[in-house]
Amino acid sequence: MQTEIRNLLECHVVGSDGQSIGKVGQIYLNDHSGEPEWVTVRTGFFGMKQTFVPLANSRRSGDEIRVPFDKEMIKGAPNIDVDDRLSLSEEADLYRYYGMQPTDIPRQRTGEARTRGPVTGERERNGLTGEAAGLTGERAGMTGGMAGGMTGGVTDERDIEMTRSEEQLHIGKESRETGRVRLHKYVETENVQQTIPLSHEEVVVEREPIRDGQAAGTYEIQAEDREMILHEERAVVGKETKPVERIHVRKQDVQHEETVEGQVRKERLEIDEEGVTGDEKDMPFGRRGDMPPGR
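First residue of the sequence shown: 1, per UniProt numbering; consecutive thereafter.
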């Protein structure tokens, strides 16, 4: 028994996602069976605190203990002082967090501790004493149980159950600003040329000689002035403002499709049946109850 516990203290805990959780710090034994039921692992986030991990349904391979919980779930386990034995309420909180319900917890007396105090590396080096060192018979039969896969929460009742949960991806929509459109009017000046016809008056002098006999009357020599007014056309520039175009800017909705990806986690259940033949395991689960008990 001491050798097996010493071997556990040298193991590393690996989560179901394949990530290393940490080295085993302490081991908690069950008061009734004397077998390891909990180990603590330092996760690096709680200082002197360590995180409790149940050994139920775990698998040991060499110096690794693979537990059916991922690293994030183990890191979020309730913080419990590892310097003392687990109380009934503390262990119930841990089992509730990990989604497990051992059937012997309700039969514990109020205030009675269900597990022994922690077994640490220091205690193992100094030699286990008292109940931990004196375990024999069934309690010392941990070799096969730990090497072949740790089990916990054993019950003699007819039905056992476990809740399986999974995450669902919920995708929504949000509106965000992508840009702004401004309608701005400014004045631009340009030179315009246009040719138009203009007219002006000029003086034309015509002389006509007067023949004898054509002039009648008497003429005297004297000074005399007469005048006429000459006219011309000039180009006159005038401007007029009138509307030439109306600009209308509006928004419209354009529909498109976008593929959104996300990761969701699902809990899977593995059912291990001891003493069941290969043919029995290959049989559909719903029909196993029709077979006579193999034990």
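From the three backbone atoms N, C-alpha and C, an ideal C-beta is built for every residue, glycine too. All of these numbers come straight from a predicted model, not from anything done at the bench.
With H, G and I counted as helix, E and B as strand and the rest as coil, what does DSSP make of residue i?
i, result
"Tyr28", "strand"
"Glu90", "helix"
"Ile5", "helix"
"Arg59", "strand"
"Glu112", "Bear in mind that a pLDDT of 42 at Glu112, under 50, signals an unreliable position, so the number given afterwards is only what the model happens to contain. Here Glu112 sits in coil by DSSP."
"Asp17", "coil"
"Gly130", "Low confidence applies to Gly130: its pLDDT is 34, below 50, so where it sits in the model is not reliable enough to give any reading."
Taking residue i as part of the alpha helix (DSSP H), name the residues at either end of that continuous run.
i, result
"Ile74", "Lys71 to Lys75"
Provide the residue span of the beta strand (DSSP E) that contains residue i, from first to last.
i, result
"Val203", "No beta strand (DSSP E) holds Val203; DSSP gives it neither H nor E."
"Glu64", "Glu64 to Arg66"
"His12", "His12 to Val14"
"Pro36", "Pro36 to Val41"
"Pro54", "Thr51 to Pro54"
Apart from the five residues on each side of it in sequence, which residues of its chain come closer than 6 Å, Cβ to Cβ, to residue i?
i, result
"Arg164", "Glu267 and Leu269"
"Met150", "With a pLDDT of only 43 at Met150, under the threshold of 50, the placement of this residue in the model should not be trusted; the figure read from the coordinates follows. Closer than 6 Å at Cβ, skipping near neighbours: Leu55 and Ser58."
"Lys23", "His12"
"Glu161", "none"
Quick one: residues in its chain with C-beta nearer than 7 Å to the C-beta of residue i, no 5 flanking neighbours on either side, listed in chain order?
i, result
"Gln168", "Val264"
"Thr143", "Caution is warranted here: a pLDDT of 33 is assigned to Thr143, below 50, making its placement in the model unreliable, and no coordinate value can be reported."
"Glu233", "Leu198, Ser199 and His200"
Considering only residues of the same chain and omitting the five flanking positions on each side of residue i, which have a CB-CB separation below 8 Å?
i, result
"Ala235", "Ile196 and Leu198"
Length-filtered (4 minimum) alpha helix (DSSP H) runs lying within the UniProt domain "DUF2382" (162-271): Listed in chain order, there is nothing to give.
Stretch pair the segment 57-68 + the segment 89-96: three plus CB contacts closer than 8 Å: The segment 57-68 vs the segment 89-96: no contact.
At least 3 beta-carbon pairs within less than 8 Å: the segment 69-77 vs the segment 7-20: The segment 7-20 and the segment 69-77 touch, with three or more beta-carbon pairs separated by less than 8 Å.
Three CB pairs or more closer than 8 Å across the segment 200-212 and the segment 170-179: The segment 200-212 vs the segment 170-179: no contact.
Stretch pair the segment 177-189 + the segment 208-218: three plus CB contacts closer than 8 Å: The segment 177-189, when compared against the segment 208-218, does not touch it at the 8 Å Cβ threshold.
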